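Number of protein chains: 4
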Amino acid sequence: MLNELKEQVFRANMDLMKHGLVILTFGNVSGIDRSKGILAIKPSGVSYEKMRAPDMVLVDLEGKVVEGKWSPSSDTPTHIALYKAFPGVGGIAHAHSEYATAFAQAAKEIPCLGTTHADHFNGPVPVTRFLSAKEVKADYEARTGVIIVERFARLEPLETPAVLIAGHGPICWGRTPAEAVRNNVALERVAKMAIMTALANPTVKDLPTYLLRKHFLRKHGPRAYYGQSEPSIPKTRSPKK
Amino acid sequence: MLNELKEQVFRANMDLMKHGLVILTFGNVSGIDRSKGILAIKPSGVSYEKMRAPDMVLVDLEGKVVEGKWSPSSDTPTHIALYKAFPGVGGIAHAHSEYATAFAQAAKEIPCLGTTHADHFNGPVPVTRFLSAKEVKADYEARTGVIIVERFARLEPLETPAVLIAGHGPICWGRTPAEAVRNNVALERVAKMAIMTALANPTVKDLPTYLLRKHFLRKHGPRAYYGQSEPSIPKTRSPKK
Amino acid sequence: MLNELKEQVFRANMDLMKHGLVILTFGNVSGIDRSKGILAIKPSGVSYEKMRAPDMVLVDLEGKVVEGKWSPSSDTPTHIALYKAFPGVGGIAHAHSEYATAFAQAAKEIPCLGTTHADHFNGPVPVTRFLSAKEVKADYEARTGVIIVERFARLEPLETPAVLIAGHGPICWGRTPAEAVRNNVALERVAKMAIMTALANPTVKDLPTYLLRKHFLRKHGPRAYYGQSEPSIPKTRSPKK
Amino acid sequence: MLNELKEQVFRANMDLMKHGLVILTFGNVSGIDRSKGILAIKPSGVSYEKMRAPDMVLVDLEGKVVEGKWSPSSDTPTHIALYKAFPGVGGIAHAHSEYATAFAQAAKEIPCLGTTHADHFNGPVPVTRFLSAKEVKADYEARTGVIIVERFARLEPLETPAVLIAGHGPICWGRTPAEAVRNNVALERVAKMAIMTALANPTVKDLPTYLLRKHFLRKHGPRAYYGQSEPSIPKTRSPKK
């Protein structure tokens, strides 16, 4: 059932490992089939060496396991909360990657200091508030989803496809599981460069907004002209054919 | 004799190398057979390229070599002291991994700044005092074990399965040699992130205690629900089956 | 058409990846055939795994695609501006490599702190000014070329074969695409060491000018005696034959 | 001629690359046959990919090439000066490895902050003075050797088998080319940890001298008991056989 989705989610999980974002059994990626309301997600605590596509667990939006011999990732309720709140999202990746996690632990948003950031995130990468003791006790993983959604009250999820959970680490998403992983790769690079930039210049200022918008839009806007697949690029525009 | 234990210890030593925690001939892992009172440990100063499972040296709890053509690790007396004091420990790993060693050299405990830390260590990773000149002269490696045990007077070794020896480096342990190595991998990641977190926010505060406990217990407590093997998870709890 | 140039440019792009300077689809290298006035450049947004030499796009100095099924890199107008202004340049590499980009984001030139730097760059690596909102709107990528050329008004491009675009990242060049990539490799190492040097000594001073010149000239001057190919080394000079 | 020495020197050069200490064509290792007064050294500016053992150049102690089709490393006069001044040295390695070079650029000695350092260097790793403009002009590479020897006026070269050339980088040595490379590997690790230690504790103090001596001597002293080959270990000493 949903073998194609399981395969995509499996590959995205392996890419998370391949890019050096996870160690041991940390990290998880999921993907959703919106028509069926079912997500495929990494099993909990299974090693990357032994994991195969059929090991992905199928779960419905109430958190009930639909298929699979393993328990799903313990972060499954967080994924579900995001799929419910962000309709355009098709894949979610969570890794304790070093530098993005450092910002999450610091409870500091990642400022937009350059065009690498702007190529992926249309503004600073936001950080949630800390959960209260009461929320942790009530339903920890689901409430983690709640504070992320709360933080995005005035943000467009697909324009800022990442968040830092205070004291925990980043969660990234995208239209597909593969895109979620790519956003995590970019986030980690951007976080590391932000720390090194501050070492090179402790009084560095944010990238001017007009440069931020330009880079985000040349890659993601309706008239994007980065990459190959956007049909909206006018043929007369040099250097595109 | 004890070939299965030697194999486990050999693999754990190779994993220490594979995870980038050691260079040259640094580092050593041991494992114990409690019923026989014998430990298997890496030979001293032998290169990882040439080492094989039969090269592991068998030593009793008085430090006498029981079997093996090589001299055991010069840190053997430290391992023995820990096995004697910590009955639940089945494996010990020692590596001069970069960031954990930086904290040991700094003689600073590693504060718990996030859930990655809390997933493995139920509080800050403690640091020993420095040995006195007299202690170093008397019996250096055994006394190193003594100050570790002294530091754990009010700590549960399997809840905080790592220590920093001041001016030296970390020692990690676990129920098995493999678990000791996994704890070293986690410790190194946690140490690096602690330094980067302080660069991102020099006034960062420790993770709230209720979050620290939650993460430690969801993975290690009697009602743990991370991973696959804990039988104590109630079947009704979503998203576990 | 120009298969040899495409092959060189393809290999240089792959080397950029191999040296860890790029992730995902970031980065691009081009090379020029001066006699034909045509450059070969990486296609936009194509993955390194799938890219082959015939995928390189041929573009003329007006930015018109001469051959190729893909759109050329969106940074093509920047490359063209540099080829037009710097006649000795045969290859250009652009990567968002971590530490050089940190300096670009910091809008700080990379000071010459040691002989590794002096072996490649005859002085500090300069940084451009920021583009104005008006310039970004008018013709972003071409104007990026303009501010680089502006910054080199009193610099010799082949003596300082790199620049930092403020808020963006480095661009390197050389007599060939391969040399442009080697300069990027050296720049990244030099940038990382500059940050670590400042951590080791926050009041570090620039390398004395006489040492800077000596190192640059022993490798690049008319009487260079580093490497094998310079014919100008006097035979009597020991230790060269 | 001297094929065995060439083979050793070749392998040591390749190990320098394998351990990530050099990039591009940076770095060089030599070894000496004391009975013949001839050293084998890496050719200048030749890539590691193409280099083979027969490419090593044989040079006498006056710097005259005895055999080889390539020019020897441009740093050959520095190597010769060290072989002449330090009779016990059999191999020399020079790499612009990142963190050791950062200290050299900072013109700061590497303090002994822990036992990893003490396992290899019997005290801080010293830094030379800067060469004067006059010395650079007169005979740069040979004078580099002179200031190293000057710095070791009151140091035993085989107890502190490394030096930092101010503004340049480290040079390491040992009884063999392989040992010189191992010392470079250890130096780089020690340098990186020194920087990270200062981040973890800006007011860190040097390792107590009694711990420094203990570690150096248990590995290198007449009664060393680290490793397998020292015959001086008393048989009665536990845990050695």
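Chains as they are written, first to last, in this note's numbering: chain B, 1207 to 1447; chain C, 1207 to 1447; chain U, 1207 to 1447; chain Z, 1207 to 1447.
Just so you know, even glycine gets a beta-carbon here, dropped at the ideal spot from N, CA and C.
Small disclaimer: the values here were computed from a predicted structure and weren't measured.
Between the region 1260 to 1279 of chain Z and the region 1354 to 1368 of chain U there are fewer than three inter-stretch CB-CB distances shorter than 8 angstroms, so the stretches are not counted as touching.
The criterion of a C-beta distance shorter than 8 angstroms is not satisfied by A1312 of chain U and C1318 of chain U. Taking CB atoms only, S1253 of chain B has no neighbour in chain C less than 8 angstroms away. Three or more beta-carbon pairs separated by less than 8 angstroms link the region 1225 to 1233 of chain U to the region 1295 to 1310 of chain U, which places the two stretches in contact. When C-beta distances to chain B are compared with 8 angstroms, the residues of the region 1409 to 1422 of chain C below that value are V1410, L1413, P1414, Y1416, L1417, K1420, in chain order. The region 1374 to 1382 of chain U makes no contact with the region 1214 to 1224 of chain C, as fewer than three CB pairs between them are under 8 angstroms. Counting other Cβ atoms within 10 Å of its Cβ, M1207 of chain Z stays below 16 and is therefore classed as exposed. The three-state reading of DSSP puts I1377 of chain C in strand, counting E and B together. Contact between A1406 of chain U and F1309 of chain Z holds, since their C-beta atoms are separated by about 5 angstroms, short of 8 angstroms. Secondary structure remark: continuous alpha helix (DSSP H) runs of at least 4 residues inside the region 1318 to 1351 of chain B, in chain order: 1321 to 1324.
Note on E1356 of chain C: under 16 other CB atoms within 10 angstroms of its CB, so exposed under the neighbour-count rule. Annotated three-state conformation of A1359 of chain U is coil, per DSSP. Between the region 1394 to 1411 of chain Z and the region 1333 to 1353 of chain Z, the count of C-beta pairs closer than 8 angstroms stays below three; the two stretches do not touch. Contacts with chain U at 8 angstroms (Cβ-Cβ) include Y1431 of chain B.
Inter-residue distance for A1306 of chain U and E1213 of chain Z is about 37 angstroms (C-alpha atoms, whole angstroms).
Taken atom to atom, the span from the alpha-carbon of V1252 of chain Z to that of S1280 of chain Z is near 12 angstroms.
Only L1319, G1320, T1321, T1322 from the region 1319 to 1334 of chain Z bring a Cβ to less than 7 angstroms from some Cβ of chain C. A residue is called buried when at least 16 other Cβ atoms come within 10 angstroms of its Cβ; S1250 of chain B meets this threshold and is buried. In the DSSP assignment, E1213 of chain C falls within the alpha helix (DSSP H) that extends over 1209 to 1224. Assignment of V1387 of chain B by DSSP, reduced to helix, strand and coil, places it in the helix class. DSSP links L1245 of chain Z through a beta bridge to Z:I1238, Z:V1265. Measuring C-alpha to C-alpha distances from L1264 of chain Z to each of Z:I1238, Z:V1396, Z:E1255 identifies Z:I1238 as the nearest. When beta bridges are read from the DSSP output, I1371 of chain Z appears opposite Z:G1375.
Identification of chain Z residues near R1395 of chain U by a Cβ-Cβ cut-off of 8 angstroms yields I1229, H1302, E1304, ordered along the chain. Of all residues in the region 1259 to 1281 of chain U, none has a C-beta nearer than 9 angstroms to a C-beta of chain Z. G1351 of chain Z sits close to P1283 of chain Z, with the two beta carbons spaced by under 8 angstroms. Look at V1235 of chain U: its C-beta is not under 8 angstroms from any C-beta on chain Z.
One alpha carbon belongs to G1375 of chain U, the other to A1359 of chain C, and they sit about 53 angstroms apart. P1260 of chain Z counts as exposed, since fewer than 16 other beta carbons sit within 10 angstroms of its beta carbon. Boundaries for H1285 of chain Z: no beta strand (DSSP E) harbours it, while the alpha helix (DSSP H) harbouring it runs 1282 to 1291, taken from the DSSP string. One alpha carbon belongs to I1401 of chain Z, the other to M1399 of chain C, and they sit about 15 angstroms apart. Around the beta-carbon of G1294 of chain C, fewer than 16 other beta-carbon atoms lie within 10 Å, marking it exposed. Here M1223 of chain C has G1233, Y1254 as same chain residues with Cβ atoms under 8 angstroms from its own Cβ, once five neighbours each way along the sequence are excluded. As computed with DSSP, G1297 of chain C is found in a beta bridge with C:G1237, C:G1380.
Closest option to V1387 of chain C, judged by alpha-carbon separation, among C:Y1431, C:H1326, C:E1341, C:G1433: C:H1326. Per DSSP, the continuous alpha helix (DSSP H) segment holding E1304 of chain B begins and ends at 1304 to 1312.
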